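Reading through the structure tokens given below for one structure.
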Amino acid sequence: MIHIHQFERYWMIVIGIVMGSFMAALVASVLVYGVRLPTPVGRVDPTHLENTDVATPGLTQDSEHAYTLRVVAKMWQFDFGVKGQMPKITLQHGSSLKIVATSKDVTHGFYVEQHNVNMMLVPGQISEMDVVFTKPGIYHIICHEYCGPGHQNMIAIIEVL
Amino acid sequence: MQAAHKLPAQNQVLVFPKAGLLTSEQWLVGSHIITALVALAIGIFLGPFQLFRRAPMLKLQIPVFSYYYQALTVHGVINALFFTTFFIVGFSYFVVQRSLERPIWKPKLAWVAYGLMLVGLLMVMYTLITNQANVLYTFYPSMIASPFFYLGLVLLVIGTWVVTAILFMTYYAWRKEHAGEHVPLAVFATLTNYTMWCVATIGVAIEVLFMLLPLSLGLIHTTDPQTARALFWFFGHPLVYFWLVPAYISWYTMLPKQTNSKIFSDPLARVAFIVLLIFSIPVGVHHMYVDPGVSMVMKTIQGIFTFAVAIPSLLTAFNIGAMLELAGRRRGATTMIDWMWKQDWGNPVVAAQLVGMLMFVVGGVTGIINASLTLNVALHNTSWIPAHFHMTLAGAVTMTFIGILYWLLPMIRGRALYST
Ligand code: HEM
Ligand SMILES: [Cu+2]
Ligand SMILES: [Cu+2]
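Protein chains in written order, with my numbering: chain A, 1 to 161; chain B, 1 to 420.
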């Protein structure tokens with residue numbers, strides 16, 4: 001057996017406690033604070049998006065304070081079904097939003113400022129995330145995965161009133 | 001072995017190890033190291049300009065490559081893939097020859113491997129300069145570069161496979177004559193590192209040979225980007241340990257002599273390297289925490305493994321810390337913490353490595369934060385990530401390599417680093 005110095009034993013116990021408490025914090029972040037990661041919800045054929053239900057991007061209202069936003073990301077914009085260089089949607093604060101997004105061409109990113117929404121939009125996969133907007137403000141949606149020469153302009157806006 | 005060159009007469013602190021190099025070693029190790037340095041010079045030149053380009057007050061243009069992502073691809077590919085690999089291969093030849101005190105197996109083959117890697121570097125550089133490969137160093141599909149970009153990478157990897165064979169055969173030759181002896185720690189770690197590398201490169205080899213290269217040649221027209229990402233990161237994570245282990249080798253096996261101290265625990269160092277090998281293979285998914293195509297169960301498992309892979313680094317922190325404490329005490333430190341700054345800061349070999357370690361503290365802390373699944377949501381693909389790897393790769397690893405250069409370059413060139 002390896003001889004382990006006493007101090008190093010103490011150090012190992014410290015490592016164990018620290019890493020263990022980090023793990024506990026992770027479990028708490030999921031169970032107590034409800035942080036979610038994207039998980040597999042379905043696949044689409046990115047070359048034939050028009051035949052699928054992600055084909056009509058846009059905002060739909062499901063109930064008084066619940067909305068669904070369908071997004072098709074493509075070089076180099078987020079298609080919400082809204083015209084213009086920088087698409088924008090407006091919501092009342094307190095609304096919950098279900099985001100359903102995919103990519104039509106290359107891999108894009110989907111990041112909502114100041115909220116727990118951070119997903120990759122990978123061709124062939126549907127990314128889904130729920131978010132509640134509690135504070136009024138302008139929040140940018142940013143593509144955070146390099147997707148070609150127009151990448152830095154791939155931004156959209158969620159305005160919360 | 002034949003007589004070695006005499007060591008250059010120079011400042012005493014820079015003389016390490018005590019014997020000089022053979023001419024053949026000087027050429028082989030030297031070619032790798034110099035190629036690595038030339039690559040680093042090109043890659044690093046662009047770094048500050050990328051910064052200026054992004055600074056709201058400056059917004060300066062990047063020279064030579066006006067397109068930001070072309071410059072960024074050069075910076076990433078050259079620094080992260082070529083500088084590191086050339087340096088590590090050269091350093092590994094040195095470590096294995098000197099620790100086992102025998103020439104490497106088939107030196108001619110080593111030159112073939114060097115040639116493959118060099119042609120790879122030139123091919124990749126050519127496609128980068130001619131704007132045919134603005135795909136960053138992650139080169140995810142469906143963004144496709146010129147076939148020569150991928151072929152260049154293939155040559156680099158094949159070269160390293162040949163290097164692996166050479167290093168292992170050298171070890172076997174030594175083993176036959178030294179049955180029952182402990183292999184020196186530096187060689188043990190080097191062989192662990194190349195084992196990890198060979199397993200890891202299988203992932204990227206499949207990605208490049210069956211997805212990217214056929215796509216780029218027009219043989220196939222679609223592929224599955226999610227699978228490609230999984231294959232890339234199967235390689236991409238062990239890759240970071242491939243960079244780190246040579247730095248650990250220097251800290252564990254060379255720094256004790258350079259600081260007039262001794263290694264605290266050789267067996268625990270070996271345990272650390274083995275744990276690194278085992279847990280670094282399956283953790284690539286921690287780069288895909290926010291990918292839609294990976295299940296929560298897989299993300300959780302690999303998150304736990306990632307925490308496990310932090311343990312060898314925490315053990316290293318203790319082992320190296322204890323070694324440095326002794327060094328500080330021998331320099332007159334008496335209180336609980338004054339050994340931390342009573343180090344040999346006047347010796348560039350030591351100072352560069354200590355600075356690397358300080359940066360690695362930040363790199364390690366940010367790494368554990370990255371690994372924490374739900375925190376990853378807050379930082380994935382933000383500027384936090386370049387900050388993290390500039391502390392680990394550009395910090396700890398590159399600074400340690402610079403420290404190594406202070407004693408290695410004079411040996412290679414057979415002359416003092418500076419004249420007095
Ligand atoms: C003078 C020192 C350096 C400066 C100022 C610098 C600066 C930068 C900047 C501004 C970025 C771009 C981040 C972005 O746009 O997202 C970057 C990316 C990067 N740097 Fe450095 N860097 C330096 C040295 C290094 C070194 C020594 C290495 C490796 C050995 C390195 C490896 C990388 C890598 C791998 C990337 C990512 C490229 C990509 O996103 O594809 N850097 N660096
Ligand atoms: Cu983008
Ligand atoms: Cu990793």
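We treat Cβ as the ideally placed atom computed from N, Cα and C, and that holds for glycine.
Since we're looking at a predicted model, the values are computed, not measured.
H380 (chain B): CB within 7 Å of a non-hydrogen atom of ligand 2: On the second sequence, position 380 is the one that residue 380 (chain B) refers to. Relative to the non-hydrogen atoms of ligand 2, the Cβ of H380 (chain B) never comes closer than 7 Å to any of them.
When B:K342, B:M336, B:G321 are compared against R330 (chain B), the one with the closest alpha-carbon: As a first step, residue 330 (chain B) is located in the second sequence; it is residue number 330 there, counting from the start. Checked all of B:K342, B:M336, B:G321; the closest Cα to R330 (chain B) is B:K342.
Proximity test, Cβ basis, 8 Å: Y289 (chain B) and chain A: Numbered from 1 along the second sequence, position 289 holds the residue referred to as residue 289 (chain B). Yes - at least one Cβ of chain A is within 8 Å of the one on Y289 (chain B).
C-alpha gap between K36 (chain A) and T259 (chain B), whole angstroms: Taking the first residue of the first sequence as position 1, residue 36 (chain A) is located at position 36. Taking the first residue of the second sequence as position 1, residue 259 (chain B) is located at position 259. Note that residue 36 (chain A) is Arg in the sequence shown here, rather than Lys. If you take the alpha carbons of R36 (chain A) and T259 (chain B), they lie about 48 Å apart.
G356 (chain B) to H390 (chain B) span [Cα, whole Å]: For the purposes of this step, residue 356 (chain B) is taken as residue 356 along the second sequence, with counting starting at 1. For the purposes of this step, residue 390 (chain B) is taken as residue 390 along the second sequence, with counting starting at 1. CA-CA distance, G356 (chain B) to H390 (chain B), rounds to 11 Å.
8 Å Cβ cutoff, L209 (chain B) in contact with chain A: The residue you call residue 209 (chain B) lines up with position 209 of the second sequence. For L209 (chain B), the answer is no, since every Cβ of chain A falls outside 8 Å of its Cβ.
Whole-Å CB distance - H287 (chain B) paired with G236 (chain B), under 8 Å assumed: As a working mapping, residue 287 (chain B) is identified with position 287 in the second sequence. As a working mapping, residue 236 (chain B) is identified with position 236 in the second sequence. Confirmed, about 6 Å.
Proximity test, P48 (chain B) beta-carbon vs ligand 1 heavy atom, cut-off 7 Å: Locating residue 48 (chain B) in the second sequence gives position 48, counting from the first residue. True, at least one ligand heavy atom lies under 7 Å from that Cβ.
Three-state secondary structure (DSSP) of H140 (chain A): Indexing the first sequence from 1 puts residue 140 (chain A) at position 140. Strand at H140 (chain A).
Same chain, Cβ closer than 7 Å to T167 (chain B), neighbours up to 5 away in sequence not counted: By 1-based counting over the second sequence, the position of residue 167 (chain B) is 167. The amino acid at residue 167 (chain B) is misidentified as Thr; the sequence shows Leu. The beta carbon of L167 (chain B) sits closer than 7 Å to the beta carbons of S92, V96, T190, L191, Y194 from its chain, once the five residues preceding and following it are set aside; these are given in chain order.
Residues near I320 (chain B) in its chain [Cβ-Cβ closer than 6 Å; skip 5 each side]: Position 320 of the second sequence, counted from the start, is the residue given in the question as residue 320 (chain B). So the qualifying residues of the chain are W251.
M119 (chain A) beta carbon near ligand 2 (any heavy atom closer than 7 Å): As a first step, residue 119 (chain A) is located in the first sequence; it is residue number 119 there, counting from the start. Answer for M119 (chain A): no, Cβ out of range of ligand 2.
Collapsed DSSP secondary structure at S31 (chain B) in the structure displayed: Here residue 31 (chain B) is taken as the residue at index 31 of the second sequence, counted from 1. Here S31 (chain B) sits in helix by DSSP.
Nearest to V117 (chain A) (by Cα), restricted to the options A:D105, A:P123, A:K98: Against the first sequence, residue 117 (chain A) aligns to sequence position 117. Comparing Cα positions, the closest option is A:K98.
Distance cut-off 7 Å: R175 (chain B) Cβ against heavy atoms of ligand 1: By 1-based counting over the second sequence, the position of residue 175 (chain B) is 175. Incorrect: R175 (chain B) has no Cβ contact closer than 7 Å to ligand 1.
Spatial distance of S31 (chain B) from L244 (chain B) (CA atoms): As a working note, residue 31 (chain B) is residue 31 in the second sequence. As a working note, residue 244 (chain B) is residue 244 in the second sequence. Those two C-alpha atoms are separated by around 22 Å.
Per-residue DSSP class, three states only, for E64 (chain A): Reading the first sequence from its first residue, position 64 is the one you call residue 64 (chain A). In the structure shown, E64 (chain A) adopts coil according to DSSP, grouped into three states.
Cβ-Cβ separation, H108 (chain A) to L121 (chain A) (assumed contact under 8 Å), whole Å: On the first sequence, position 121 is the one that residue 121 (chain A) refers to. On the first sequence, position 108 is the one that residue 108 (chain A) refers to. Taking a contact as a CB-CB distance under 8 Å, the pair L121 (chain A) and H108 (chain A) counts as one, their CB atoms being some 4 Å apart.
Chain A contact residues for S31 (chain B), given Cβ-Cβ distances below 7 Å: Locating residue 31 (chain B) in the second sequence gives position 31, counting from the first residue. What S31 (chain B) touches in chain A: nothing, since even the nearest Cβ is about 34 Å away.
Candidates A:F110, A:G94, A:H151, A:V106, of which the one nearest V100 (chain A) by Cα: Numbered from 1 along the first sequence, position 100 holds the residue referred to as residue 100 (chain A). Nearest option by C-alpha distance: A:F110.
Cβ-heavy atom distance, A179 (chain B) to ligand 1, below 7 Å: Within the second sequence, numbered from 1, the residue matching residue 179 (chain B) stands at position 179. For ligand 1, not one heavy atom lies less than 7 Å from the Cβ of A179 (chain B).
Inter-residue spacing [alpha-carbon to alpha-carbon] between F52 (chain B) and F65 (chain B): Taking the first residue of the second sequence as 1, we reach residue 52 (chain B) at position 52. Taking the first residue of the second sequence as 1, we reach residue 65 (chain B) at position 65. Each residue's alpha carbon lies about 14 Å from the other.
Partners in chain A for Y69 (chain B), counting only beta-carbon separations shorter than 7 Å: Translated into positions along the second sequence, residue 69 (chain B) becomes position 69. Here the neighbours are Y146.
CB contact below 8 Å: N51 (chain A) versus chain B: To locate residue 51 (chain A), count along the first sequence from 1; it is residue 51. Judged by the 8 Å Cβ criterion, N51 (chain A) is not in contact with chain B.
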